[in-house]
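Trainee:
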Amino acid sequence: MSIGFRLTTKCKNISSFQESLDAVAARNNISASHTEDYSELSLCRLGNIFFNYEPEGDEIVIAGDCQTNLLGAGFHKYATEIACELIRQSELSFEVEDDTEYYEHRDFERMRSEHFYPWLKAIMKLCCERMEQGSDMSAICWDYNKYIPQGVKGTVVSPFGRINPHHFMERIENEGIETLANEFFMWNNEERDAQFYRNIALSALWEDCYFMPSARSDADEEINAFIIGNLEKAVEMDDSLPFPKEDYLLLCRLAEQEPVDVSFLPDYVHEFPIGYRKGKVTYKLGNLSFDLPGHYLYFEEDDSRGYYDGVDENWHVVRTLAYSIPDDEVNYLEDNENVLVEEKFFNNGKCRLYDLGGEEDGSDSEYVCQCQIITEHQFTLFTISCEGKEETMAFSTDFVEHLTASKEDKYDKLLEQIEQWHTEDEEQKIVDAILAIPEEEWNAELIGLLARAYNNQEEYLKAIDCLLTVEEEDKDALWFYRLGYAYYYMNQLEKAQKAFERSLELDPDDDDVKEFIDLCKSGESPYNPEMYEPEEMDALEAHIDKYFGKSKNVFHEIASPDIHVDIYIIEPTRKRNYYTLITSGMGAHRMNVPQELAEYKLERAELVIYLPADWDIYDHSEKNYWPLRWLKILARLPIGEDSWLGWGHTVPNGEPFAENTRFSGVILINPETMKKGADVCRLPNGEEVNFYQIIPLYEEEMNFKVAHNAEALLEKMDEVSPIVDIRRASVCEEQ
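Numbering (the numbering used here), first residue to last: 3 to 737.
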């Protein structure tokens, strides 16, 4: 449930691309960083574009990603502009996929009102629903790898501050979404206005400020200066904007800096005290969670790492060390000199607290305790040093009181296997595996996967019964989608529409859900496509395996109005270094073949196309998707035209299939490169399914075929590879 854009391209020299990133960064006063595997453009606080690099043959695939819902529509606009500048600078051809379509239409208000405002309302509505089911704490857009703030009942944590979603929704109703968006998003408007600088400072106050003197550390000095500078810039631009006066003045004192006059400014009022680090926060170390005061700094030295408060009096240092170790080997360290203070069992773990003693020169000298912790596959050691025995014992005892640990789900490996079965269309194996688990151990995820399998097996009542056992708090967008899917195919359109609309509220960018909603609204009955009989399907799959190769992946069709056309993907091998794509479902329909050809059994057919091994078959941009699109178009053409397709038939498109090729039509021939018998699959009832290979043609080649015949054209194409080559030479003179 996010908003952003992605951009992809290929290049030969990654250093040249990184030089382009550096040039764009320098011109825009932003930063660029690089490793061998990725680069990052840092546009502003919390606003980045990441570029991952993946080798592919003698080229490198560059995949850029930018999530923008965290900051707002203004950042989306700015990041898009930076991306466009990078495209011009690099002179590479990028494919851009923008969730908001702003990259295409460049209408800021449309982008903001159609995507960012609905996203904000939907996310708050979801939080309200979760809390109504008893969830005390949740977070949105939060990096759990950093730390977790203390929970406050009825609130959610975000980089923009602690929020009471119910109050937020009430304010949306009373004040309008735009007012709340101006508070929530750091960059809601087109330009970096006063609101931007204030909100960016507020976010830093909430998330990163330690509220400690700048003299304590470079980290304190940097964050204090960042917040003060941005707040003062906001005042310069607009002194009518509500201002966090109390926290600003506190930071100025901590930074020993003279504040500007803020007495006349309207006060920024928030429902909760600003600053997560003013209280305790939770850190994770492997599967262990522990609490520390939020103002502690993290350190790494040659032989240790941990946290410290950096103060001169009543100081504290907590050193950490953790090992991954098999459960049957893990045990406490034995040392007879250590004094056991306490042994404690907690959620998914146990620990011992030892008194290691201290120096002998007084009560204010260093005193040390050690906490040994055993959790699943992990041994953790905390060494706690404080000023004086009394403080050390009090701090350490409180520390172990708040330890918790997570435990690996014993079904993690099964979930991986289920996804593999799903890609292999082995839905019954999924059903059998989940049903073998005691029902009391089922969670929402397992139930959802079981319902998906039932839906794919067309056992919709079972899917619904299964889904309705899920607790209210676990009913997410995917749950409502699966429920709507089952109702739709049971011809209960009203129930289906309600479920799909609820799913869309929770995930506004799901195009499949939108399509189903349109079908429900139109009153169009659920599909009843012509399908192969089970024994026919078995024969067809056996034929494909024998003559074309085993398919490990299938592109399943979501909506099938007449026939259900899946596309079998046969991966390249050493012997056949190309993709083989084959339709499955076209032959369920018997075409209207002329009576004089009845003896040849041409009524049923499937289609084949060969694509180069470097073809990106998973890319949905038209330059890569058009072969799959045309497999589906041709599979349905005989139904729409009440006609037939067979050997030598040509079908024009009227224009090139995509911007990167002149191909604008196809001809059907018998499959090449395959052994004898590949062109006909005999079904158990004696009928035959004919396999035809699609060969893309240029316009002049289409014209030549029409003027002469298929044999004449194919004679000219004798040297043409059966594998699609979008750059091949034409065998006919261009008209």
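Here a beta-carbon is modelled for each residue, glycine too, at the ideal position from N, C-alpha and C.
Please confirm if the segment 533-550 is in contact with the segment 508-519, defined as three or more CB-CB distances below 8 Å between the two stretches.
Mentor: No contact exists between the segment 533-550 and the segment 508-519.
Trainee: Where Ala65 and Asn54 are concerned, what is the direct C-alpha to C-alpha distance, given to the nearest angstrom?
Mentor: Taking the sequence shown and counting its residues from 1, one reaches residue 65 at position 63. Taking the sequence shown and counting its residues from 1, one reaches residue 54 at position 52. The straight-line gap from Cα to Cα measures roughly 5 Å.
Trainee: Taking the continuous alpha helix (DSSP H) assigned at Gln380, which residues delimit it?
Mentor: As a first step, residue 380 is located in the sequence shown; it is residue number 378 there, counting from the start. From DSSP, Gln380 is part of no alpha helix (DSSP H) but of the beta strand (DSSP E) over 380-389.
Trainee: May I have the straight-line CA-CA distance separating Leu463 from Leu495, to the nearest angstrom?
Mentor: Counting from one through the sequence shown, the residue named residue 463 turns up at place 461. Counting from one through the sequence shown, the residue named residue 495 turns up at place 493. Their backbone Cα atoms lie some 15 Å apart in a straight line.
Trainee: Closest by CA to Arg194, which one among Phe381, Met214, Cys46?
Mentor: In the sequence shown, the residue the question calls residue 194 occupies position 192. The option with the nearest alpha carbon to Arg194 is Cys46.
Trainee: Quick one: grab the DSSP three-state call for Asp357.
Mentor: Start at 1 with the first residue of the sequence shown, and residue 357 comes out as number 355. Asp357: strand per DSSP, three-state reduction.
Trainee: Do Ser22 and the ligand COA come close, with the Cβ less than 7 Å from some heavy atom?
Mentor: This structure simply doesn't include the ligand COA, nor any ligand for that matter.
Trainee: Assign His107 to one of three DSSP states: helix, strand, or coil.
Mentor: Here residue 107 refers to the residue found at position 105 when the sequence shown is read from its first residue. It is helical.
Trainee: Leaving aside the five residues before and after Ala549 along the sequence, list all residues of the same chain whose C-beta is less than 7 Å from its C-beta, in chain order.
Mentor: What you label residue 549 is simply residue 547 of the sequence shown in a count that begins at 1. In the sequence as presented, Ala is not what sits at residue 549; that position holds Tyr. Counting only Cβ-Cβ distances below 7 Å, and skipping sequence neighbours, we find Met676, Lys677, Gly679, Ala680.
Trainee: Taking Cβ positions, are Ile572 and Gly589 nearer each other than 8 Å?
Mentor: Locating residue 572 in the sequence shown gives position 570, where the first residue counts as 1. Locating residue 589 in the sequence shown gives position 587, where the first residue counts as 1. Not closer than 8 Å, so no.
Trainee: For Asp138, which residues of its own chain have a beta-carbon under 7 Å away from its beta-carbon, when the five flanking residues on both sides are left out?
Mentor: Along the sequence shown, read from residue 1 onward, the residue named residue 138 stands at position 136. In this predicted model, Asp138 has a pLDDT of only 49, less than 50, meaning its place in the structure is not dependable; the value taken from the coordinates is given anyway. Contacts found: Gly153, Lys155.
Trainee: Quick check for students: name the residue ranges of the alpha helix (DSSP H) that lie wholly in the segment 220-295, counting only runs of 4 or more.
Mentor: Listed in chain order, they are 220-239, 247-256.
Trainee: Tell me whether the segment 69-77 and the segment 181-199 touch, counting them as touching only if at least three CB pairs, one residue from each stretch, are closer than 8 Å.
Mentor: Taking 8 Å as the limit for Cβ pairs, the verdict is that the segment 181-199 does touch the segment 69-77.
Trainee: Using the beta-carbon count (16 or more within 10 Å), is His297 buried or exposed?
Mentor: As a first step, residue 297 must be located in the sequence shown, where it is residue number 295. Buried.
Trainee: Below 8 Å, can you find three or more Cβ-Cβ pairs linking the segment 24-39 to the segment 577-585?
Mentor: As far as the Cβ criterion goes, the segment 24-39 does not touch the segment 577-585, which means the pair count is below three.
Trainee: According to DSSP, what are the bridge partners of Tyr369?
Mentor: Looking up residue 369 in the sequence shown gives position 367. DSSP output for Tyr369 lists Gly360, Cys388 as bridge partner(s).
Trainee: Excluding the 5 residues flanking Asn662 on each side, which residues of the same chain have their C-beta closer than 7 Å to its C-beta?
Mentor: For the purposes of this step, residue 662 is taken as the residue at position 660 of the sequence shown. Around Asn662: Lys625, Ile728.
Trainee: Return the CA-CA distance between Asp375 and Lys415, expressed in angstroms with no decimal places.
Mentor: Locating residue 375 in the sequence shown gives position 373, where the first residue counts as 1. Locating residue 415 in the sequence shown gives position 413, where the first residue counts as 1. Reading off the sequence shown, one finds Ile at residue 375, where the question assumed Asp. Rounded to whole angstroms, Ile375 to Lys415 spans 26 Å at the Cα level.
Trainee: Taking just the CA atoms, how far does Gly49 sit from Arg684?
Mentor: Residue mapping note: residue 684 aligns to position 682 of the sequence shown, counting from 1. Residue mapping note: residue 49 aligns to position 47 of the sequence shown, counting from 1. About 59 Å.
Trainee: Find the nearest neighbour of Asn147 within the set Arg164, Arg29, Phe274, Leu290, judged by alpha-carbon distance.
Mentor: Working through the sequence shown from its first residue, we reach residue 147 at position 145. With distances taken between Cα atoms, Asn147 lies closest to Leu290.
Trainee: Judging by CA-CA distance, which residue of Asn350, Tyr356, Glu392 is the nearest neighbour of Ser367?
Mentor: One-based indexing of the sequence shown puts residue 367 at position 365. That would be Glu392, whose Cα lies nearest to the Cα of Ser367.
Trainee: Tell me the residue span of the beta strand (DSSP E) that contains Gly49.
Mentor: By one-based count along the sequence shown, residue 49 stands at place 47. Looking at the DSSP string, the run of the beta strand (DSSP E) that includes Gly49 is 49-58.
Trainee: Under a three-way DSSP split, which group does Asp138 fall into?
Mentor: Taking the first residue of the sequence shown as position 1, residue 138 is located at position 136. Low confidence applies here, because Asp138 scores a pLDDT of 49, under 50, leaving its location unreliable; read the following figure in that light. In this structure, Asp138 counts as coil in the three-state DSSP scheme.
Trainee: In this structure, how does DSSP classify Asp752 when only helix, strand and coil are distinguished?
Mentor: Nothing in the structure corresponds to residue 752, since the chain is present only between 3 and 737.
Trainee: Using 8 Å as the threshold, is the C-beta distance between Tyr612 and Ile725 below it?
Mentor: Here residue 612 refers to the residue found at position 610 of the sequence shown. Here residue 725 refers to the residue found at position 723 of the sequence shown. Yes, Cβ-Cβ distance for Tyr612 and Ile725 is below 8 Å.
Trainee: Would Tyr694 and Asn672 qualify as a contact pair, given that the criterion is a beta-carbon distance under 8 Å?
Mentor: The count along the sequence shown starts at 1 and reaches residue 694 at position 692. The count along the sequence shown starts at 1 and reaches residue 672 at position 670. Contact: yes.
Trainee: In whole angstroms, what is the alpha-carbon distance linking Thr70 and Thr157?
Mentor: Locating residue 70 in the sequence shown gives position 68, counting from the first residue. Locating residue 157 in the sequence shown gives position 155, counting from the first residue. Going by the C-alpha atoms only, they are around 23 Å apart.
Trainee: If we ignore side chains and look at the alpha-carbon of each, how far apart do Glu238 and Glu87 end up?
Mentor: Taking the first residue of the sequence shown as position 1, residue 238 is located at position 236. Taking the first residue of the sequence shown as position 1, residue 87 is located at position 85. Answer to the nearest angstrom: the Cα atoms are 30 Å apart.
Trainee: Provide the residue span of the beta strand (DSSP E) that contains Gln695, from first to last.
Mentor: Stepping through the sequence shown from its first residue, residue 695 is reached at position 693. 690-699 is the span of the beta strand (DSSP E), which, as asked, contains Gln695.
Trainee: Which residues in the same chain have their Cβ closer than 8 Å to the Cβ of Asp434, if we skip the five residues on either side of it in sequence?
Mentor: Here residue 434 refers to the residue found at position 432 of the sequence shown. Nothing meets the Cβ criterion.
Trainee: Using a Cβ-Cβ cut-off of 6 Å (strictly less than) and excluding sequence neighbours within five positions of Asp269, which residues of its own chain qualify?
Mentor: Here residue 269 refers to the residue found at position 267 when the sequence shown is read from its first residue. Cβ neighbours of Asp269 beyond the five flanking positions: Lys247.
Trainee: In the DSSP assignment, find the beta strand (DSSP E) that holds Phe198 and state where it starts and stops.
Mentor: Taking the sequence shown and counting its residues from 1, one reaches residue 198 at position 196. Note, Phe198: premise wrong, no beta strand (DSSP E); alpha helix (DSSP H) at 196-209.
Trainee: Under 8 Å, do Ile697 and Ile669 count as touching if we go by C-beta distance?
Mentor: Indexing the sequence shown from 1 puts residue 697 at position 695. Indexing the sequence shown from 1 puts residue 669 at position 667. Against a cut-off of 8 Å, the Cβ pair of Ile669 and Ile697 comes out as a contact.
Trainee: Are Ser306 and Leu355 close, meaning C-beta to C-beta below 8 Å?
Mentor: Here residue 306 refers to the residue found at position 304 when the sequence shown is read from its first residue. Here residue 355 refers to the residue found at position 353 when the sequence shown is read from its first residue. Going by C-beta atoms, Ser306 is not nearer than 8 Å to Leu355.
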